[in-house]
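Using my numbering, read the sequence shown as starting at 8 and increasing by one per residue. Working notes for the structure below.
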Amino acid sequence: MKKYIAILAMLIIASSGIKAQNVNWKSLQEDQNNGIYLNFGYEFGMTTQLGYAYKLNKSKPLLLSLDYSFPMGGDLFDDFKFRLGGQTEIYSLNNFLFSTKAYLIARRYETELVRIFNYGADLSLMAGYYKSNWHIAGEFGYDMAFASNLKHNSVMKESYPEIIDGWYKSTGGYFYYGIQIGRTFYENYDVSLKAGFNNSRDDDENALLPYYAQLGIFKRF
8 MKKYIAILAM LIIASSGIKA QNVNWKSLQE DQNNGIYLNF GYEFGMTTQL GYAYKLNKSK
68 PLLLSLDYSF PMGGDLFDDF KFRLGGQTEI YSLNNFLFST KAYLIARRYE TELVRIFNYG
128 ADLSLMAGYY KSNWHIAGEF GYDMAFASNL KHNSVMKESY PEIIDGWYKS TGGYFYYGIQ
188 IGRTFYENYD VSLKAGFNNS RDDDENALLP YYAQLGIFKR F
């Protein structure tokens, strides 16, 4: 049962696997405190993400954000992911910059046999070379589920009577690592592309977690 829960947790994490918005810290202007972003990602299928960001602390910016992700072509409220958190610089040397991201996550995923809802966190570190109009950086992160709630349909319960609905804690997580590049246009538009690989913390679940790719547009104002 424990392995079954872990696999389902990996499925919901991967199915909503679009990553956090890319930010070029060198292109942020002092009078640009707001941002909206649109991301398109691919993992098991195409996913869309819409979000809003607000900048605090002009000397060393802290970017708070709230976003909503959903699979393309599906009902907006059948499968989804909400994320609340932020990102900030932690160290810079000339054009080399290190930053970190931390988000709380709530997500829902439903199949013909089971409805899964879980909450968790996404933590990552980034290091790269940043100029005012472009950047390139590497990212290493960990997406984890604190707890998952399962609701099985009658067919599943008849086939496997030992299955129990309810909450299950500490139900999995995966590491991800990749590279991103970005270009700034007209002083307030950032276009970015990122790609990389996922690696489950349990090797026998890796078949559920392939590569990822994402295209993003960020408007600052």
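C-beta: ideal position from N, C-alpha, C; glycine also. Please read these numbers as outputs of a predicted model, since none were measured by experiment.
* Asked: Should A60 be labelled buried (16 or more other beta-carbon atoms within 10 Å of its own) or exposed?
  -> With 16 or more other Cβ atoms within 10 Å, it is buried.
* **Coil, strand or helix - M151 by DSSP** => Three-state DSSP puts M151 in a strand.
* Let me know the secondary structure DSSP gives E194 once reduced to three states. => When DSSP states are grouped into helix, strand and coil, E194 belongs to the coil group.
* Which value, in whole angstroms, describes the spacing of the CA atoms of Y184 and D172? -> Straight-line measurement puts the Cα of D172 at about 34 Å from the Cα of Y184.
* For the alpha helix (DSSP H) that S166 lies in, which residues bound it at each end? -> S166: member of the alpha helix (DSSP H) spanning S161 to S166, first to last residue.
* Asked: beta strand (DSSP E) containing N139: first to last residue?
  -> Strictly speaking, residue 139 in this sequence is Ser, with Asn absent from that position. For S139, there is no enclosing beta strand (DSSP E), since its DSSP letter is neither H nor E.
* Are E119 and S131 close, meaning C-beta to C-beta below 7 Å? -> Cβ atoms of E119 and S131: not closer than 7 Å.
* Limits of the unbroken beta strand (DSSP E) element including G42 -> DSSP places G42 inside the beta strand (DSSP E), whose first and last residues are N41 to Y49.
* Asked: Mapping DSSP to helix, strand and coil, what is K33?
  -> Per DSSP, reduced to three states, the secondary structure at K33 is helical.
* Asked: Roughly how many whole angstroms lie between the Cα atoms of G92 and L111?
  -> G92 and L111: Cα-Cα distance of roughly 6 Å.
* Report all residues from its chain with a CB closer than 8 Å to the CB of Y98; omit the five preceding and five following residues, and keep chain order. => Answer for Y98: L104 and F105, listed in chain order.
* Asked: When the Cα of W247 is compared with those of Y193, Y181, P168 and A154, which residue comes out closest?
  -> Nothing about residue 247 can be read from this structure; the chain reaches only from 8 to 228.
* Does the separation of the CB atoms of G189 and N31 fall below 7 Å? -> With contacts defined by Cβ atoms closer than 7 Å, G189 and N31 form a contacting pair.
* Taking all protein chains shown into account, decide if F87 is buried (16 or more other Cβ within 10 angstroms of its Cβ) or exposed. => Classification of F87: buried, given that the 10 Å Cβ count is 16 or more.
* 6 Å CB neighbourhood of S34 in its chain, flanking five on each side removed -> If we look at S34 and ignore the five residues flanking it on each side, its Cβ neighbours are S139 and T191.
* To do: Can you give me the Cβ contacts of L222 inside the same chain, cut-off strictly under 6 Å, excluding the 5 residues immediately before and after it?
  => Counting only Cβ-Cβ distances below 6 Å, and skipping sequence neighbours, we find F47 and L200.
* **Three-state class that DSSP yields for K62 in the structure shown** => Strand at K62.
* Where does N101 fall in DSSP's three states? -> Looking at N101 - three-state DSSP - the assignment turns out to be coil, as it is neither helix nor strand.
* To do: State buried or exposed for L100, treating a residue as buried only when at least 16 other CB atoms are found within 10 Å of its CB.
  => The residue is exposed, with fewer than 16 neighbouring Cβ atoms inside 10 Å.
* Asked: What span of residues does the beta strand (DSSP E) with K176 cover, start to end?
  -> For K176, the enclosing beta strand (DSSP E) starts and ends at G173 to K176.
* Asked: Got a sec, what are the start and stop residues for the beta strand (DSSP E) P78 sits in?
  -> Segment L69 to P78, the beta strand (DSSP E) holding P78.
* Asked: Hey, how far is the Cα of Y75 from the Cα of Y116?
  -> Y75 and Y116 have their alpha carbons spaced roughly 14 Å apart.
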